[in-house]
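Visitor: Got a structure here, written out as structure tokens. Questions coming.
In my numbering, the protein residues as written are 190 to 392.
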């Protein structure tokens, strides 16, 4: 029951799409009406600039932290699994918000912070490896899917099968959301991104 409650709490927080608030405030439009249509930092940064993009990032990180801390403190599970369940709930809510007909973001920032909250060392390591691959390939989707894939190893072997299964679900969600972009990389049509410059045109 605690696991289900953590998922539901996380899902509730995940439904708050920061990009929706920022774009509405700046342009009076919905995120799906600008750029790639994705309600995430990369699209907002590409269309509106660095500051609005950072506002989206802070909001997405903030909602994940709040949900995970609430569940971690008040709904404790062995091996801090309540944090992982809450984070998974946030990811599902962010990617599939019910009030947007289940069409949400891609969950990169949410995934990064939930892994760091659950396991700071391995979470940061996974994020660093993903970031390095983005710098080398200039493809954001490559880094996005690498992060949860790298985390699978410590999740299973350091934290046990339940954590490993949750990490696998997170990985599957990331692969599902980024599959079209991965196909476009294969076809040579996916735009490259210079992280030092503006993040632009991420589909």
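By construction, the Cβ of each residue, glycine as well, lies at the ideal position given by its N, Cα and C atoms.
Quick check on the burial criterion: 16 or more other C-beta atoms within 10 angstroms. Buried or exposed for residue 207?
Guide: Translated into positions along the chain shown, residue 207 becomes position 18. That one is buried.
Visitor: Give every residue of the same chain whose Cβ lies closer than 7 Å to the Cβ of residue 268, excluding the five residues on either side of it in the sequence, and list them in chain order.
Guide: What you label residue 268 is simply residue 79 of the chain shown in a count that begins at 1. Closer than 7 Å at the Cβ level, and outside the excluded window around residue 268, lie 348, 349 and 352.
Visitor: Between residue 261 and residue 270, what straight-line distance do the alpha-carbon atoms span, to the nearest angstrom?
Guide: As a working note, residue 261 is residue 72 in the chain shown. As a working note, residue 270 is residue 81 in the chain shown. So the alpha carbons of these two residues sit roughly 8 Å apart.
Visitor: Go ahead and label residue 391 buried or exposed: buried means 16 or more other beta carbons lie within 10 angstroms of its beta carbon, across all protein chains shown.
Guide: In the chain shown, the residue the question calls residue 391 occupies position 202. Here the model assigns residue 391 a pLDDT of 39, short of 50, so the residue's position is not dependable and the matter cannot be decided.
Visitor: Are there three or more Cβ pairs, one per stretch, closer than 8 Å when the segment 244 to 253 is compared with the segment 192 to 209?
Guide: The answer is yes - the segment 192 to 209 touches the segment 244 to 253, with three or more Cβ pairs under 8 Å.
Visitor: Can you give the beta carbon distance from residue 329 to residue 279, rounded, assuming they're within the 8 Å contact cut?
Guide: Locating residue 329 in the chain shown gives position 140, counting from the first residue. Locating residue 279 in the chain shown gives position 90, counting from the first residue. Rounded, the Cβ-Cβ distance is 20 Å, inconsistent with contact.
Visitor: Can you list, in chain order, the residues of its chain whose CB lies under 8 Å from that of residue 305, leaving out five sequence neighbours each side?
Guide: Start at 1 with the first residue of the chain shown, and residue 305 comes out as number 116. Once the five neighbours on either side are set aside, the close Cβ partners of residue 305 are 312, 313 and 316.
Visitor: Anyone know if the C-beta pair for residue 298 and residue 195 falls short of 9 Å?
Guide: For the purposes of this step, residue 298 is identified with residue 109 of the chain shown, where counting begins at 1. For the purposes of this step, residue 195 is identified with residue 6 of the chain shown, where counting begins at 1. It is not a contact, given that the beta carbons lie outside the stated cut-off.
Visitor: Can you name, in chain order, every residue of its own chain whose Cβ lies under 6 Å from the Cβ of residue 283, other than the five neighbours on each side?
Guide: Taking the first residue of the chain shown as position 1, residue 283 is located at position 94. Taken in chain order, the residues that qualify are 203, 293, 294, 296 and 299.
Visitor: Taking 6 Å as the limit between beta carbons, can you name the residues of its chain near residue 200, skipping five residues before and five after?
Guide: Locating residue 200 in the chain shown gives position 11, counting from the first residue. For residue 200, where only same-chain residues beyond five positions count, the Cβ hits under 6 Å are 278, 281 and 282.
Visitor: Tell me the residue span of the alpha helix (DSSP H) that contains residue 224.
Guide: For the purposes of this step, residue 224 is identified with residue 35 of the chain shown, where counting begins at 1. First-last for residue 224: undefined, no H or E at that position.
Visitor: Enumerate in chain order the residues of its own chain whose CB-to-CB distance from residue 343 is below 7 Å, with the five nearest sequence positions on each side excluded.
Guide: For the purposes of this step, residue 343 is taken as the residue at position 154 of the chain shown. If we look at residue 343 and ignore the five residues flanking it on each side, its Cβ neighbours are 308 and 311.
Visitor: Output needed for residue 237: all residues of its chain with C-beta closer than 6 Å, excluding positions within five of it in sequence on either side, in chain order.
Guide: Position 48 of the chain shown, counted from the first residue, corresponds to residue 237. Hits under 6 Å: 215.
Visitor: How would you label residue 211, buried or exposed, when you count the other beta carbons within 10 angstroms and need 16 or more for buried?
Guide: By one-based count along the chain shown, residue 211 stands at place 22. Counting Cβ neighbours within 10 Å, residue 211 comes out buried, since at least 16 surround it.
Visitor: Quick check: the Cα distance between residue 368 and residue 259, rounded to an integer number of angstroms?
Guide: As a working note, residue 368 is residue 179 in the chain shown. As a working note, residue 259 is residue 70 in the chain shown. Roughly 32 Å between the two C-alpha positions.
Visitor: Based on Cα-Cα distance, which residue from 332, 287 and 263 lies nearest to residue 319?
Guide: Translated into the one-based positions of the chain shown, residue 319 becomes position 130. The residue with the shortest Cα to Cα distance from residue 319 is 332.
Visitor: If I'm right that residue 393 touches residue 303 with Cβ under 8 Å, what's the distance once you round it to whole angstroms?
Guide: Nothing about residue 393 can be reported from this structure: the residues present for the chain run from 190 to 392 only.
Visitor: Could you tell me whether the Cβ atoms of residue 266 and residue 192 are closer together than 9 Å?
Guide: As a first step, residue 266 must be located in the chain shown, where it is residue number 77. As a first step, residue 192 must be located in the chain shown, where it is residue number 3. Against a cut-off of 9 Å, the Cβ pair of residue 192 and residue 266 comes out as a contact.
Visitor: In whole angstroms, what separates the C-alpha of residue 221 from that of residue 322?
Guide: Translated into positions along the chain shown, residue 221 becomes position 32. Translated into positions along the chain shown, residue 322 becomes position 133. Approximately 27 Å between the Cα atoms of the pair.
Visitor: Can you check the segment 230 to 295 for any alpha helix (DSSP H) of at least 4 residues that lies completely inside it and give the ranges in chain order?
Guide: At a cut-off of 4 residues, the continuous stretches assigned as alpha helix (DSSP H) that sit fully inside the segment 230 to 295 are 230 to 237, 239 to 263 and 270 to 284.
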